[in-house]
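Here the protein sequences come in this chain order: A and B.
Position one of the first sequence corresponds to residue 1 (my numbering), numbered consecutively onward.
Position one of the second sequence corresponds to residue 83 (my numbering), numbered consecutively onward.
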Amino acid sequence: MHIKWNALAQTAGASFGITVAVVAVFALGILALSRREAALSAREGEAAPAAGGGRLALAGAYVCFGLCAAAVVYGLVLIAAP
Amino acid sequence: MEHISFLVAVVIITALAFDFTNGFHDTANAMATSIATGALRPKVAVTIAAVLNFAGAFLSVKVATTISGGIVNEKTGIHPEIIFAALAGAILWNLLTWLRGLPSSSSHALYGGLIGATVVGVGMNGVNFDTVLSKILIPAIASPLVAGLASWGATKLAYAITRKGNAETATKGFKTGQIFSSSLISLAHGTNDAQKTMGIITLTLVSVGALPHGALPPTWVIVSAGGAIALGTYMGGWRIIRSMGKGLADIKAPQGFASESAAATVILTSSHMGFGLSTTQVCSGGIMGAGLGGPKAELRWSLVRRMVYTWALTLPAAALVSGGAALLVRQGTWGIVLVGAVLVAGSGAMWLISRRQPISADNVNDVTPVEVPATAPANAPTPASTTVAA
């Protein structure tokens with residue numbers, strides 16, 4: 001009887017880590033999006049166009065969603081070529 | 083392929099029927115939470131799942147060269163009649179659990195069927211029980227726990243991170259994310275499960291000499307296996323979708339995204355590391371974790387208990403039915419015809435019983451639990467279903 005406990009533990013650890021990381025990054029992206037919305041609506045109230053915060057938040061959101069997309073593409077590669 | 087016997091034709095048709103029930107049973111895995119949170123409308127969800135299951139059948143270059151991954155000794159045990167008996171048990175168990183709205187593993191049903199039919203047809207030495215333990219039982223216990231834990235942690239984090247943001251933006255964002263995460267599960271499902279049917283048909287053809295040893299699945303096999311699983315997926319096992327999406331917990335978009343991400347990750351990581359596991363159990367475990375990790379930290383434990391009992395029963399129950407079927411099939415053509423008749427009659431009976439509480443795309447999001455109402459007093463559902471299951 002040979003059970004690969006090591007591989008089992010690795011699989012479990014990797015699954016946990018990847019899941020939490022991807023969901024956290026995605027949630028950060030969503031947080032950034034709502035920051036941008038807040039910045040945009042705040043700017044409408046003011047006369048001076050202070051675009052900094054909104055643009056930075058949008059860039060952050062793009063980075064987050066890009067990372068998630070990369071994780072999905074890696075998943076697709078795993079499916080296609082095991 | 084000039085001569086295909088009656089038995090081989092029956093095996094191919096039964097394999098495609100199993101593939102259909104497999105898709106039908108497992109639509110819920112990918113789509114239950116997306117349907118429950120409203121990320122996808124029910125019909126749209128099953129259409130996406132069907133298309134991706136079909137695509138998944140073509141995606142993998144890994145050829146289905148083994149049915150069971152070493153669980154049965156395929157050199158001795160791969161006679162078409164044993165495969166037929168195995169499929170009969172697996173189909174009946176899949177339909178019985180569907181009737182009761184319980185997600186159970188189609189792979190375990192198939193493995194159980196193969197084990198039962200092999201023990202009867204070949205003997206105990208036809209089954210590698212070591213492999214059963216390391217390839218089925220341990221992953222079956224570990225994978226839902228890992229998926230549940232990951233999903234629980236991810237749900238907590240998702241809520242914590244987005245708490246300061248706009249709630250509406252968050253819901254919309256997580257719903258969009260769900261479309262991708264559930265699609266990934268569908269694709270992985272098509273790749274794994276459609277290949278099993280391809281393997282069964284191909285190896286049956288090899289075993290009777292219609293194909294050379296080590297042959298790749300012919301194109302018609304790939305297309306028909308992909309088609310059967312896609313059709314089953316499109317029909318949507320609405321009973322199981324309701325149980326998983328609404329029955330376990332009140333799932334909101336962040337929970338749905340977390341549970342689907344956990345399930346997709348566990349499935350892909352495990353198949354990359356060479357562990358076979360049940361998509362169904364992983365997805366159910368993910369939903370349970372998301373329910374507990376959510377703001378209300380709730381879970382309907384009675385349904386959890388029923389699901390876990392069903393998982394434990396799946397393998398032995400399918401083995402029992404298939405063992406009985408194997409006894410009959412060995413008697414010759416009349417045995418095959420009899421098993422076929424029982425299979426058709428049992429499936430028909432369960433479909434008829436399901437009509438007493440019809441669940442469809444229109445009412446899938448109701449919270450009424452899926453039951454088998456014993457409205458007809460004379461021919462109550464339980465005797466009918468226990469006869470076929472026993």
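For each residue, glycine too, the CB sits at the ideal point set by N, CA and C.
Remember, it's a predicted structure, so these values are computed and weren't measured experimentally.
When DSSP states are grouped into helix, strand and coil, Val-154 of chain B belongs to the strand group. Listed as beta-bridge partners of Val-209 of chain B by DSSP are B:Val-154. At the C-beta level, Ser-116 of chain B and Ala-127 of chain B come within 8 Å of one another. In the pairwise beta carbon analysis, the stretch 190 to 209 of chain B is classified as touching the stretch 397 to 412 of chain B: at least three pairs are separated by under 8 Å.
Chain B has a Cβ within less than 8 Å of the Cβ of Leu-31 of chain A.
Within the same chain, and ignoring the five residues on either side of Pro-221 of chain B in sequence, the residues whose Cβ sits closer than 6 Å to its Cβ are Phe-357, Leu-359. Leu-269 of chain B places its beta carbon 8 Å or farther from that of Val-72 of chain A. For Met-355 of chain B, the closest Cβ of chain A is nearer than 8 Å. What Leu-56 of chain A touches in chain B, judged by beta-carbon distance under 7 Å, is nothing: the nearest beta carbon there is about 15 Å away. The criterion of a C-beta distance shorter than 8 Å is not satisfied by Ala-292 of chain B and Asp-101 of chain B. Not one beta carbon of chain B lies nearer than 8 Å to the beta carbon of Gly-66 of chain A. Residues of chain A whose Cβ lies closer than 9 Å to the Cβ of Gly-422 of chain B do not exist, since the nearest Cβ in that chain is about 35 Å away. Residue burial annotation: Gly-281 of chain B is buried, with at least 16 other C-beta atoms found within 10 angstroms of its C-beta. Contact between Leu-181 of chain B and Ser-325 of chain B is ruled out by a C-beta separation of about 12 Å, above the 8 Å threshold.
Inter-segment contact for the stretch 334 to 343 of chain B and the stretch 197 to 207 of chain B is absent: fewer than three beta-carbon pairs are separated by less than 8 Å. Rounded to the nearest angstrom, the Cβ distance from Met-355 of chain B to Ala-7 of chain A is 6 Å, consistent with a contact under 8 Å. For His-271 of chain B, the uninterrupted alpha helix (DSSP H) run begins and ends at 249 to 289, by DSSP. Burial state of Met-206 of chain B is exposed, judged by a 10 Å Cβ sphere holding fewer than 16 other Cβ atoms. By alpha-carbon distance to Gly-428 of chain B, the top candidate from B:Val-288, B:Thr-179, B:Tyr-241 is B:Thr-179. Residues of chain A whose Cβ lies closer than 8 Å to the Cβ of Ser-352 of chain B are, in chain order, Thr-11, Ser-15. Where Thr-361 of chain B is concerned, the enclosing alpha helix (DSSP H) starts and stops at 361 to 375.
Straight-line measurement puts the Cα of Ser-41 of chain A at about 48 Å from the Cα of Phe-140 of chain B.
In summary, Gly-66 of chain A is exposed, with fewer than 16 beta-carbon neighbours lying within 10 Å of its beta-carbon over all protein chains present. With fewer than 16 other CB atoms across the displayed protein chains lying within 10 angstroms of its CB, Val-63 of chain A is exposed. A straight line joining the alpha-carbon of Gly-327 of chain B with that of Gly-422 of chain B spans about 34 Å.
Interface criterion not met: the Cβ of Leu-40 of chain A is under 8 Å from no Cβ in chain B. Spatial neighbours of Ser-87 of chain B in its own chain (CB-CB distance under 7 Å, excluding positions within 5 residues in sequence) are listed in chain order as Val-290. For Arg-321 of chain B, the uninterrupted alpha helix (DSSP H) segment begins and ends at 320 to 324. In the DSSP assignment, Arg-387 of chain B falls within the unbroken alpha helix (DSSP H) covering 383 to 411.
When only Cα atoms are considered, Tyr-316 of chain B and Arg-55 of chain A end up about 43 Å apart. With a threshold of 8 Å between beta carbons, Thr-279 of chain B makes no contact with chain A. Counting C-beta atoms within 10 angstroms of its own C-beta, Trp-320 of chain B has 16 or more neighbours from the protein chains shown and is therefore classed as buried. Taking the beta carbon of Gly-75 of chain A as reference, the chain B residues within 7 Å of it are Leu-266, Ala-346, Leu-350, listed in sequence order. Taking a beta-carbon distance threshold of 8 Å, Ala-80 of chain A counts as an interface residue toward chain B. Between the C-alpha atoms of Val-449 of chain B and Gly-329 of chain B there is a straight-line separation of about 7 Å. Using a Cβ distance threshold of 8 Å, Ala-12 of chain A and Val-228 of chain B count as a contacting pair.
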